[in-house]
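For the protein sequence lines, the chains are D and H, in the order given. FYI, the numbering for the first sequence is 6 to 324, going by my numbering. FYI, the numbering for the second sequence is 6 to 324, going by my numbering.
Protein chains: 2
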Amino acid sequence: MQKLAIGIDIGGTNISYGVVTEDGIVKLKESFPIKEFKKVTHFVDYLSERINHSLAGLSTEFQLMGVGIGTPNGNYYKGTIEHAPNLNWKGVVPLADILSKKTNLPVRLTNDANAAAMGEMIYGSAKNLKNFLMVTLGTGLGSGFVANGKMILGHDGFAGELGHTIFDPNGRQCNCGRKGCLETYASASGIVRTVKELLTESDEPSVLRDVALEKISSEMIYKASLEADPIAKKAFDFTAYVLGVMLANAVAITSPEVIFLFGGLANAGDRIFKPVKKYMEKYLLNIYKGKVELKPSALSENDAAILGAAALVWNNGDC
Amino acid sequence: MQKLAIGIDIGGTNISYGVVTEDGIVKLKESFPIKEFKKVTHFVDYLSERINHSLAGLSTEFQLMGVGIGTPNGNYYKGTIEHAPNLNWKGVVPLADILSKKTNLPVRLTNDANAAAMGEMIYGSAKNLKNFLMVTLGTGLGSGFVANGKMILGHDGFAGELGHTIFDPNGRQCNCGRKGCLETYASASGIVRTVKELLTESDEPSVLRDVALEKISSEMIYKASLEADPIAKKAFDFTAYVLGVMLANAVAITSPEVIFLFGGLANAGDRIFKPVKKYMEKYLLNIYKGKVELKPSALSENDAAILGAAALVWNNGDC
Numbered sequence: 006m007q008k009l010a011i012g013i014d015i016g017g018t019n020i021s022y023g024v025v026t027e028d029g030i031v032k033l034k035e036s037f038p039i040k041e042f043k044k045v046t047h048f049v050d051y052l053s054e055r056i057n058h059s060l061a062g063l064s065t066e067f068q069l070m071g072v073g074i075g076t077p078n079g080n081y082y083k084g085t086i087e088h089a090p091n092l093n094w095k096g097v098v099p100l101a102d103i104l105s106k107k108t109n110l111p112v113r114l115t116n117d118a119n120a121a122a123m124g125e126m127i128y129g130s131a132k133n134l135k136n137f138l139m140v141t142l143g144t145g146l147g148s149g150f151v152a153n154g155k156m157i158l159g160h161d162g163f164a165g166e167l168g169h170t171i172f173d174p175n176g177r178q179c180n181c182g183r184k185g186c187l188e189t190y191a192s193a194s195g196i197v198r199t200v201k202e203l204l205t206e207s208d209e210p211s212v213l214r215d216v217a218l219e220k221i222s223s224e225m226i227y228k229a230s231l232e233a234d235p236i237a238k239k240a241f242d243f244t245a246y247v248l249g250v251m252l253a254n255a256v257a258i259t260s261p262e263v264i265f266l267f268g269g270l271a272n273a274g275d276r277i278f279k280p281v282k283k284y285m286e287k288y289l290l291n292i293y294k295g296k297v298e299l300k301p302s303a304l305s306e307n308d309a310a311i312l313g314a315a316a317l318v319w320n321n322g323d324c
Numbered sequence: 006m007q008k009l010a011i012g013i014d015i016g017g018t019n020i021s022y023g024v025v026t027e028d029g030i031v032k033l034k035e036s037f038p039i040k041e042f043k044k045v046t047h048f049v050d051y052l053s054e055r056i057n058h059s060l061a062g063l064s065t066e067f068q069l070m071g072v073g074i075g076t077p078n079g080n081y082y083k084g085t086i087e088h089a090p091n092l093n094w095k096g097v098v099p100l101a102d103i104l105s106k107k108t109n110l111p112v113r114l115t116n117d118a119n120a121a122a123m124g125e126m127i128y129g130s131a132k133n134l135k136n137f138l139m140v141t142l143g144t145g146l147g148s149g150f151v152a153n154g155k156m157i158l159g160h161d162g163f164a165g166e167l168g169h170t171i172f173d174p175n176g177r178q179c180n181c182g183r184k185g186c187l188e189t190y191a192s193a194s195g196i197v198r199t200v201k202e203l204l205t206e207s208d209e210p211s212v213l214r215d216v217a218l219e220k221i222s223s224e225m226i227y228k229a230s231l232e233a234d235p236i237a238k239k240a241f242d243f244t245a246y247v248l249g250v251m252l253a254n255a256v257a258i259t260s261p262e263v264i265f266l267f268g269g270l271a272n273a274g275d276r277i278f279k280p281v282k283k284y285m286e287k288y289l290l291n292i293y294k295g296k297v298e299l300k301p302s303a304l305s306e307n308d309a310a311i312l313g314a315a316a317l318v319w320n321n322g323d324c
């Protein structure tokens, strides 16, 4: 009998879930918009119905081991989503409890970057690593730190907010209310801010001048950089500088063997990996120089979030 | 039969060792200068002779469980001291091996700030804490991070260099060769640098103007601050600001329940604790605000290093 887990990825726009084997094969998956569910109980009713429907279609015999959820502002200790700014459900939502009662299955939940780290540890390139760091470069910057083979969750379950370490206390305004957070520089939205600054501060030619300021995207910047656009190149260099300094600081705390870069900006490949590596090495304390690998995730971006969530089921509480 | 451990504290000037009970009582201790031992083997010969002499004087029956060592640049995994700039012994010194062969006892070794954290965990105020941070404010700034009840050692044994996280990439020159490291601001030597800058940059009156610049010490600054000396007060405030920002960054990575401040500057009590707490709270991400306690160590400064080293023996490899 095949053992299966459900992995659920909650995002600001869509919810995806998948049925995952122990080897990390996503047997089937489905996605639907989240905005219409004003109440979390409606969402849970709909989700469990969809999951039952999916499972009914499986032709093999199976045993369902549990459900894992990766979500913004997820708290592993409590199984709650707490004050997620981009979700309809306000306050503290005990999602793991509600879903567990509905499905009679064990449900584990953690924040999305921690889930990505778990996915890499169970299914990806971090299988034999006891000390690593997962950095997700999306609209913001998420992170999951693993030390001594375990996720660092902190005493409150909210550890691992590298995106909100402060690069410059007088720097860019962050959504969190403070200034100069790493994610205001090193993220899809951060590099767009950098380009806007560069375009207004200089007269350098750039294809990005032909685009309305508010329409500029990180993808456009990446494409422009491939054409050696000077503004786009400077933006990647500055992004990499800030990320390199702050990764060097993170290394001085947990000394990971590998740092994985994942998502959005990480898809720019050498354009981002090479300068980040260069600046990180430059700003690393001597004892760490040349010791920390910077790597892309081994998981496909399509499946990673579902695999990461499902990983919570297999790792037996070692999150 | 009483179980005992030997705790050894290696410093740049002196070596102290003590015979420690499981309850953390230092039964006897001794200290001698380190500089005369050009070769580590001479040091080990002398040390084991002194230890045997101490033990021979004990009136009770005892069982010696092992030796713990706290040292600058100590590597727990390898039992080595590696490239310690302030010691006579250059390169990689396999001290744990050498001492273990000489004494036929298990020997564990780690860096001094990690030993301080272990001491707090076994004997002090961190007994029931699974997630905390120990910051030692001496000439430099050392740190030991504990997460999930274990020391974060990193993949290479060198994790926990908070003093070398960069506050300002264009800031003060650090002994490590880089610029703007936290310890160039928040340490005994850092606050002295701050006062020298303030004295030369302003005309404000200060009793510290009566002292030759090169003679100013952190103790003098503390005493002046008690008399409301404006330069001394500003120096404490700036030191606390930099430390507060960088502690807020460290919290965003490991989310500790308590941060302990220990040694030198920490002895300034409210003069340093109050403003550090104020700035840390100001620069903490919302989800952490009001959750992190800032506390002095519960161990006496005299015994702490020996207790911390001895703690390595009792904690059964859970370092």
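By construction, the Cβ of each residue, glycine as well, lies at the ideal position given by its N, Cα and C atoms.
**Request:** Establish whether the CB of H/N116 and some CB of chain D are separated by less than 7 Å.
**Result:** no
**Request:** Enumerate in chain order the residues of its own chain whose CB-to-CB distance from D/G129 is below 7 Å, with the five nearest sequence positions on each side excluded.
**Result:** S302, A303, L304
**Message:** Any beta carbon from chain H within less than 7 Å of D/G195's own beta carbon?
**Reply:** no
**Message:** Just to confirm, is the Cβ distance from H/E87 to H/V72 under 7 Å?
**Reply:** no
**Asked** When the Cβ atoms of the segment 116–134 of chain D are set against those of the segment 89–107 of chain D, are three or more pairs found closer than 8 Å?
**Response** no
**Item:** Close Cβ partners of H/A5 (< 7 Å) along its chain, the five nearest in sequence each way excluded
**Value:** Given a span of 6 to 324 for chain H in the structure shown, any question on residue 5 of chain H remains unanswerable.
**Prompt:** If you draw a straight line from the alpha carbon of D/M285 to that of D/S194, how long is it in whole angstroms?
**Reply:** 21 Å
**Message:** Please classify H/G313 as buried or exposed, where buried requires at least 16 neighbouring CB atoms within 10 angstroms.
**Reply:** buried
**Message:** Let me check one thing: in DSSP terms, what residues is H/P301 bridge-paired to?
**Reply:** H/L266
**Request:** Grab the span of the beta strand (DSSP E) containing H/D14 for me, first residue to last.
**Result:** 7–15
**Request:** Figure out for me which residue from D/A240, D/E219, D/Y227, D/T189 has the closest Cα to the Cα of D/S207.
**Result:** D/A240
**Message:** Quick check on D/E35: does DSSP put it in helix, strand or coil?
**Reply:** strand
**Prompt:** Ends of the alpha helix (DSSP H) at D/F163?
**Reply:** Run containing D/F163: none; DSSP gives neither H nor E here.
**Prompt:** What number of angstroms, rounded off, separates the C-alpha of H/I103 from the C-alpha of H/Y246?
**Reply:** 44 Å
**Message:** So, does the segment 277–296 of chain H touch the segment 178–187 of chain D, judging by three or more C-beta pairs under 8 Å?
**Reply:** yes
**Request:** Please name the residue, chosen from D/F267, D/T26, D/G249, that lies closest to D/V281 on a Cα-to-Cα basis.
**Result:** D/G249
**Request:** Return the residue from the list H/N291, H/I264, H/E35, H/I74 that minimises the CA-CA distance to H/S59.
**Result:** H/E35
**Prompt:** When the cut-off is 7 Å and only beta carbons count, does D/L290 lie next to chain H?
**Reply:** yes
**Message:** What does DSSP give as the partner residue(s) for D/F137 in the beta ladder?
**Reply:** D/V151, D/V263
**Asked** Near D/A237, which residues of its chain fall below 6 Å by C-beta distance, leaving aside the five closest residues on each side in sequence?
**Response** I226, A229, S230
**Asked** If you measure beta-carbon to beta-carbon, which residues of the segment 246–274 of chain H are closer than 9 Å to chain D?
**Response** Y246, V250, M251, A253, N254, A255, V256, A257, I258, T259, S260, P261, E262, V263
**Spatial distance of D/N320 from D/G124 (CA atoms)** = 10 Å
**Request:** Give the secondary structure of D/G23 by DSSP, where H, G and I count as helix, E and B as strand, and everything else as coil.
**Result:** strand
**Item:** Burial state of H/H47, where buried means 16 or more other Cβ atoms lie within 10 Å
**Value:** exposed
**Asked** Expressed to the nearest angstrom, what Euclidean distance is found between the alpha-carbon atoms of H/I20 and H/F42?
**Response** 11 Å
**Prompt:** Are the C-beta atoms of D/E286 and some chain H residue less than 7 Å apart?
**Reply:** no
**Request:** Would you kindly report the start and end of the unbroken alpha helix (DSSP H) that includes D/F172?
**Result:** Where D/F172 is concerned, there is no enclosing alpha helix (DSSP H), given that its DSSP letter is neither H nor E.
**Request:** Report the option in D/E54, D/A61, D/P77 whose CA atom is closest to the CA atom of D/G17.
**Result:** D/P77
**Message:** Can you confirm whether D/G159, when its beta carbon is compared against all beta carbons of chain H, has any partner nearer than 7 Å?
**Reply:** yes
**Asked** Between which two residues does the beta strand (DSSP E) harbouring D/I86 extend?
**Response** 85–87
**Request:** Tell me whether D/G274 is buried or exposed, calling it buried when 16 or more other Cβ atoms sit within 10 Å of its Cβ.
**Result:** exposed
**C-alpha gap between H/R177 and H/E219, whole angstroms** = 17 Å
**Request:** Kindly indicate if chain H contains any beta-carbon less than 7 Å away from that of D/K296.
**Result:** yes
**Asked** At which residue ranges does the segment 205–281 of chain D contain complete beta strand (DSSP E) runs of 3 or more residues, listed in the order of the chain?
**Response** 263–267
**Request:** Below 7 Å between beta carbons is the criterion; list the residues of the segment 144–158 of chain D that meet it against any residue of chain H, in chain order.
**Result:** F150, A152, N153, K155, I157
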